[in-house]
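Following: one structure in structure tokens, then a few remarks.
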Amino acid sequence: MNLSRYGNLAVMLLSEAGLFALALLLAYGLRFEFDIPEAFFRQMFSLLPAAVGFKIAFFWIAGLYRGMWRYTSLMDLWHIARSMVFAGISLVVYVTFLGHEQIYPRSVLILDPLLAFCLSCAMRIVIRVAHQVPLKDGATALLPSVLRPQMAGVRALLFGAGDDGARMAREILDTKDSGLVLVGFVDDDLSRKGRRIHDLPVFGPMTALADVAQRTGAQELLVNTADMNAAEVRHLVKLSEGAGLRLKKLPALSDIVRGKVSVKDMRDVRYEDLLRRSETQLDIRGIEGYLKDKVVLVSGAGGSIGSELCRQILRFEPRLLILYDAGEENLYAIEMELRHRHKFTRYVPVLGLVQDRGLLDSVLARHAPQVVFHAAAYKHVPMLERNPWQAVHSNIRGSMEIMEASVRHGVERFVLVSTDKAVRPTNVMGASKRVAERIMLGLQGQGTAFMAVRFGNVLGSSGSVIPLFRDQISRGGPVTVTHPEVTRYFMTIPEAAQLIIQAGAQGRGGEIFLLKMGQPVRIADLARDLIILSGKKPEDIPVVFTGLRPGEKLYEELITEGEDVLETGHDQIMVLGSEAACADCAGEHLEELFAAAKRFDAAGIKSLLATLVPEYTPAPDEP
Numbered sequence: 002m003n004l005s006r007y008g009n010l011a012v013m014l015l016s017e018a019g020l021f022a023l024a025l026l027l028a029y030g031l032r033f034e035f036d037i038p039e040a041f042f043r044q045m046f047s048l049l050p051a052a053v054g055f056k057i058a059f060f061w062i063a064g065l066y067r068g069m070w071r072y073t074s075l076m077d078l079w080h081i082a083r084s085m086v087f088a089g090i091s092l093v094v095y096v097t098f099l100g101h102e103q104i105y106p107r108s109v110l111i112l113d114p115l116l117a118f119c120l121s122c123a124m125r126i127v128i129r130v131a132h133q134v135p136l137k138d139g140a141t142a143l144l145p146s147v148l149r150p151q152m153a154g155v156r157a158l159l160f161g162a163g164d165d166g167a168r169m170a171r172e173i174l175d176t177k178d179s180g181l182v183l184v185g186f187v188d189d190d191l192s193r194k195g196r197r198i199h200d201l202p203v204f205g206p207m208t209a210l211a212d213v214a215q216r217t218g219a220q221e222l223l224v225n226t227a228d229m230n231a232a233e234v235r236h237l238v239k240l241s242e243g244a245g246l247r248l249k250k251l252p253a254l255s256d257i258v259r260g261k262v263s264v265k266d267m268r269d270v271r272y273e274d275l276l277r278r279s280e281t282q283l284d285i286r287g288i289e290g291y292l293k294d295k296v297v298l299v300s301g302a303g304g305s306i307g308s309e310l311c312r313q314i315l316r317f318e319p320r321l322l323i324l325y326d327a328g329e330e331n332l333y334a335i336e337m338e339l340r341h342r343h344k345f346t347r348y349v350p351v352l353g354l355v356q357d358r359g360l361l362d363s364v365l366a367r368h369a370p371q372v373v374f375h376a377a378a379y380k381h382v383p384m385l386e387r388n389p390w391q392a393v394h395s396n397i398r399g400s401m402e403i404m405e406a407s408v409r410h411g412v413e414r415f416v417l418v419s420t421d422k423a424v425r426p427t428n429v430m431g432a433s434k435r436v437a438e439r440i441m442l443g444l445q446g447q448g449t450a451f452m453a454v455r456f457g458n459v460l461g462s463s464g465s466v467i468p469l470f471r472d473q474i475s476r477g478g479p480v481t482v483t484h485p486e487v488t489r490y491f492m493t494i495p496e497a498a499q500l501i502i503q504a505g506a507q508g509r510g511g512e513i514f515l516l517k518m519g520q521p522v523r524i525a526d527l528a529r530d531l532i533i534l535s536g537k538k539p540e541d542i543p544v545v546f547t548g549l550r551p552g553e554k555l556y557e558e559l560i561t562e563g564e565d566v567l568e569t570g571h572d573q574i575m576v577l578g579s580e581a582a583c584a585d586c587a588g589e590h591l592e593e594l595f596a597a598a599k600r601f602d603a604a605g606i607k608s609l610l611a612t613l614v615p616e617y618t619p620a621p622d623e624p
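When we follow this note's numbering, the leftmost residue of the sequence shown carries the number 2, and every step to the right adds one.
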């Protein structure tokens, strides 16, 4: 809650308290024909705190201070009436048992809640009417819309002419500096076509959007995507493109009503909106059970996944959060964010490599973390194909060191962040993560509950194609896609982090969890959508196909053929039924792999990875 909301609440409470005090005064005044005897005048002042307090309390319980009075509805009036009945009964009980044997006029106890009801309703109605009929530009507000002078601003159409659409339009009209000039509604409900709402015409259907845009001179289409699925948002994007309109996403009406945001906080529709998935449902109690008041270590804390894990973990009030990262800049950024944005100071930044056994032992001995999230890793596929020794040092050796250190120091729960590229890997990155998974399984049963979480690509993470495409579009193109048929799974960073934390609550040890990624997306379609969302036309920005990169698949998988996949009770998380540990990981093959990495022997590394991960098919070396 921000300061402005606190201010609004204070105004509501003070105004209401003043009205309730006035109601009591009027009740006594009417009882004594406005010639109140001195004794009853003193009695009125002694009764005032209870009379006002009971009403405020029952209004608060009824939720009458959660919204804004400009949106007062018939339901609000019912809540006011019900609250007044309870407040009146409470006041009668109060004077009966705590009245110090004074005689209170019965008519006052009846008139007081009735008058308070009338005054409270009247104030809300007046405020609503004042907002419904704003005096913009003086007397011109009284003129029909066709006779009013043209206002400056972006001409916009609002999608949806239902109750929410009407309320959103009212909010836009009342926001003088919104920078928008509403020219009408568009709606697929033909029964609404031809109506006028707030003196604005309703057009339709959406298939006629291009014609409507031309007739009205509209430049933008405003939408509220809260109740839309991905297909509906994509449909709107295509229609807007065809009509030459910029598509803008409005904030949720409920947030506007509560004063959290305003219509000025609208934004461009992003690619995340085209991938709309159901909101992640978290087992709050289960997560609190292993995170609340615990010492938690996050490796790779400054990375895209690691930093979001830190943000999500804060919700569950850890006793101490250890930020472990090899990058000075990333570590500093998450430290400053926690301190200044989230006002969280119970953290310890650790700058170092997860391969550093001595540092790990020192940190774990000093702070004794109970939970470890291991997100530190190199993940850029082509880069690791050219530098496979770094995949060995970081993704395999680093994972092994932090997992073995967790066993030595009694960590209760360890969550390894893995990837769908570990399934039948065709690249060094995927093979290295698969080896890490198998090492993890081999350490199970030594006191620490180990589990891994696999998922696909994350929107906006480092190395993601989205920032690359946006940069290419900003420079006028071309947008480079490796293959016309290449597909990938995507989810947002917050969703991935939430599901990782949820999987950590469900694991008992030895599981590899799989996040349901939805439907795969063609990268060529993604590029086209981003071009449109940037305000350009697909024909303006060419898409060039460059061929698959070393180690790159046409499509990714979350499971290997033949793996047993089970439900977990969470609709977005699955688990492998059984998995084999890496029998050779503690033996000569792993040591040979580390030795090959020290020699920068790319061919030797790939050969040994193929031994450790039989399903790994090395990509041919680049010419």
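Beta carbons are placed, not taken as given, at the ideal position from N, Cα and C, and that holds for glycine. Note that the structure is predicted; figures quoted are calculated from it, not measured.
Item, Value
"Integer Cβ distance of Val296 from Leu324, believed to fall under 8 angstroms", "No, Val296 and Leu324 are not in contact; Cβ-Cβ is about 12 angstroms, not under 8 angstroms."
"Three-state secondary structure assigned by DSSP to Lys607", "helix"
"Coil, strand or helix - Tyr1 by DSSP", "A question about residue 1 goes unanswered here, because the residues of the chain that appear run from 2 up to 624."
"Contact belief for Val238 with Ile501 at Cβ below 8 angstroms, rounded distance in angstroms", "Their Cβ separation, rounded to whole angstroms, is 30 angstroms, which puts Val238 and Ile501 out of contact at 8 angstroms."
"Cβ neighbour criterion (16 or more within 10 Å) applied to Arg107", "exposed"
"Residue from Val94, Gly154 and Met441 whose Cα sits closest to the Cα of Ile173", "Gly154"
"CB of Glu593 within 8 angstroms of CB of Leu609, strictly", "yes"
"Exposure of Ser192, with buried meaning 16 or more beta-carbon neighbours within 10 Å", "exposed"
"Helix, strand or coil at Tyr105 [DSSP, three-state]", "coil"
"Segment contact, 8 angstroms Cβ cut-off, at least three pairs: the region 111-121 with the region 79-89", "yes"
"Whether Lys607 touches Pro389 by CB criterion (8 angstroms)", "yes"
"Rounded straight-line distance, which links the Cα of Glu221 to that of Leu246", "5 angstroms"
"Completely contained alpha helix (DSSP H) runs for the region 316-343, where each covers 4 or more residues", "329-337"
"Local conformation of Arg489 per DSSP, three classes", "strand"
"Environment of Ser433 [buried if 16+ CB atoms lie within 10 Å]", "buried"
"Leu99 - DSSP class collapsed to helix/strand/coil", "helix"
"Exposed unless 16 or more other CB atoms sit within 10 angstroms - verdict on Gly443", "buried"
"Euclidean distance between Cα positions of Arg476 and Lys537", "12 angstroms"
"At least three beta-carbon pairs within less than 8 angstroms, the region 311-331 to the region 345-363", "yes"
"Close beta carbons around Ala369, own chain, < 8 angstroms, minus the five adjacent residues each side", "Val296, His410 and Gly411"
"Beta-carbon proximity list for Ala376, same chain, < 7 angstroms, skipping 5 on both sides", "Val299, Ser300, Gly301, Gly304, Ile306, Gly307, Leu310 and Val418"
"N-terminal and C-terminal residue of the beta strand (DSSP E) that Pro350 is part of", "Tyr348 to Leu352"
"Own chain residues within Cβ distance below 7 angstroms of Val187, not counting five before or after", "Leu158, Phe160, Phe204, Gly205, Met207, Leu210 and Val213"
"Spatially closest choice to Met124 from Val109, Phe60 and Leu20, by CA coordinates", "Leu20"
"Anticipated Cβ contact below 8 angstroms, Leu48 with Leu25, distance rounded", "7 angstroms"
"Three-state secondary structure assigned by DSSP to Ala52", "helix"
"Distance, Gln215 Cα to Leu531 Cα", "24 angstroms"
"According to DSSP, residues forming a beta bridge with Glu589", "Answer by DSSP bridge pairing: none, since Glu589 is not bridged."
"Strand pairing of Glu402, partner residues [DSSP]", "Glu402 pairs with nothing; no bridge assigned."
"Between the CA atoms of Asp200 and Ser146 - distance to the nearest angstrom", "Confidence is the limiting factor: at Ser146 the pLDDT is only 46, short of 50, which leaves the residue's position unreliable and the question unanswerable from this model."
"Closest residue to Met401 among Arg414, Val436, Tyr379 and His381 (Cα-Cα distance)", "Val436"
"Thr481: first and last residue of the uninterrupted beta strand (DSSP E) it sits in", "Val480 to Val482"
"Same chain, Cβ closer than 7 angstroms to Ala1, five either side skipped, listed in chain order", "The chain is shown from 2 up to 624; residue 1 falls before or after that span and cannot be answered."
"Close beta carbons around Val364, own chain, < 6 angstroms, minus the five adjacent residues each side", "Val351"
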